[in-house]
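Structure first, commentary second.
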């Protein structure tokens, strides 16, 4: 789980406001929720927003800035306050500390200066009961096309969203051929390209109004309608979109494309968990080995990957689970049983499993997977068995697959 700190800036001076905003722009651990250009109106505004961190620049009017810090200390006891000034005078810093700041930054500030303050806030989990919002970001990717990665993403997200203690958004990152909206029978005016284009003008309220909200409580951000729109989404805009989503939701589920292009790699880097969906056959296993080797070149990515076997128990898998795990070099995290008839039915109806078939075996597998991803270690006990699959009939190509465990 990663923490996203919700931040507000109070500074009547546009130049220093922009300096702080520029320092924040490259950080994915904070989201600027509000800018206040007057000391006198900041209190009521921040009382509604209740950010985790407030930076108050004291240079426009030191006395009013100090007075505001005292006011915010009373209004927002759960918020952290950071004083900012071009002066490093000890008496000024002492006044700010006595007024209620927990940190002090001296202008000019660097991104690392701001990041250190934000990390301190996150590590203390706020000074009050609420603290920074925790978010778990899960990327769902396929070892090849047609393995059901979108089905996994849609049904996992829908099940997580049924928990009233969670807020969940599903993002369709297959910008050319994504069909998460079809799986959920969702027609919506706004797409990922609209949010990316207006990212600098969005706040939390506008963001939620830009998303499709479904019966289960799940929010959906669909892929762009036109192929041309997809070409305007850059690595930077996607990072900013994901940053705002992380600050707004407890769980962000990303349905990746099968191309593993630059935007998919951004999504993988920004995720806390990566579910790599495959089936127990040679083409899938070969791609899993290849992808895991490629992921080793991206710092921290390989360790985030969990293998999910979809359509387990088809009856014609040429590779046993045990042999697959030996070749891959890690245990399979989850097996989703095959129920082709039901999956076709729910997809055509545009309804997730949890709504149409809540008692089905496959729905139970998704429920337990959600529990396991949320930290319930006992949820995966039934997944440890090597289920019934066909006797191994390894083709000649299997011998050419390098074992990950031997590396």
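In our numbering, the protein residues as written are 26 to 432.
Even for Gly, the Cβ is constructed at its ideal location relative to N, Cα and C.
Exercise. Which parts of the segment 87-153 are runs of the alpha helix (DSSP H), unbroken and 4 residues or longer, counting only runs that do not cross its ends?
Worked result: Counting whole runs of 4 or more residues, the segment 87-153 contains the alpha helix (DSSP H) stretches 87-100, 115-124 and 136-148.
Problem set entry | Cutoff 7 angstroms; reference residue 249; Cβ partners in own chain excluding five residues on either side | When the five nearest sequence neighbours on each side are left out, the beta carbons in the same chain lying within less than 7 angstroms of the beta carbon of residue 249 are those of 200, 216, 217, 218 and 255, in order along the chain.
Exercise. Alpha carbon to alpha carbon, how far is residue 431 from residue 286?
Worked result: For residue 431, the predicted structure reports a pLDDT of 45, less than 50, and the residue's modelled location is therefore unreliable. A value from the coordinates is still provided. Pairing residue 431 with residue 286, the inter-Cα distance amounts to about 28 angstroms.
For this session: Taking the CB atoms as reference points, tell me whether residue 369 and residue 381 lie closer together than 7 angstroms.
Result: Contact: no.
Exercise. What span of residues does the alpha helix (DSSP H) with residue 42 cover, start to end?
Worked result: Per DSSP, residue 42 belongs to the alpha helix (DSSP H) from 39-50.
Problem set entry | Cα-Cα separation between residue 36 and residue 87, rounded to whole angstroms | Inter-residue distance for residue 36 and residue 87 is about 11 angstroms (C-alpha atoms, whole angstroms).
Exercise. Counting only beta-carbon atoms, is residue 131 nearer than 7 angstroms to chain B?
Worked result: This model lacks chain B altogether, as it is built from one protein chain only.
Exercise. For residue 38, which residues of its own chain have a beta-carbon under 7 angstroms away from its beta-carbon, when the five flanking residues on both sides are left out?
Worked result: For residue 38, the CB contacts under 7 angstroms within the same chain, skipping 5 residues up- and downstream, are 82, 84 and 85 in chain order.
For this session: Could you tell me the distance, in whole angstroms, from the CA atom of residue 136 to the CA atom of residue 245?
Result: Rounded to the nearest angstrom, the two C-alpha atoms are 32 angstroms apart.
For this session: Please determine if the segment 114-122 and the segment 56-71 are in contact, where contact requires at least 3 C-beta pairs separated by less than 8 angstroms.
Result: No contact exists between the segment 114-122 and the segment 56-71.
For this session: Mind reading off the beta-carbon distance from residue 274 to residue 146? Whole number of angstroms is fine, and I expect it under 8 angstroms.
Result: Their Cβ separation, rounded to whole angstroms, is 19 angstroms, which puts residue 274 and residue 146 out of contact at 8 angstroms.
For this session: In angstroms with no decimal places, state the Cα-to-Cα distance between residue 96 and residue 266.
Result: Residue 96 and residue 266: Cα-Cα distance of roughly 33 angstroms.
For this session: State the Cα-Cα distance for the pair residue 391 and residue 94, rounded to the nearest angstrom.
Result: Residue 391 and residue 94 have their alpha carbons spaced roughly 48 angstroms apart.
Exercise. Based on the DSSP output, what are the partners of residue 65 in its beta bridges?
Worked result: According to DSSP, residue 65 bridges with nothing at all.
Exercise. Got a sec, what are the start and stop residues for the beta strand (DSSP E) residue 280 sits in?
Worked result: Counted as a single uninterrupted DSSP element, the beta strand (DSSP E) harbouring residue 280 occupies residues 276-280.
For this session: Quick one: grab the DSSP three-state call for residue 352.
Result: Helix at residue 352.
For this session: Name the residue from 302, 324 and 325 whose alpha carbon lies nearest to the alpha carbon of residue 314.
Result: Checked all of 302, 324 and 325; the closest Cα to residue 314 is 302.
Problem set entry | Top-ranked residue by Cα proximity to residue 364, from 353, 345 and 388 | Residue 364 has its Cα closest to that of 388, out of 353, 345 and 388.
For this session: Tell me whether the beta-carbon of residue 203 lies closer than 7 angstroms to the beta-carbon of residue 197.
Result: Cβ distance < 7 angstroms, so residue 203 and residue 197 count as in contact.
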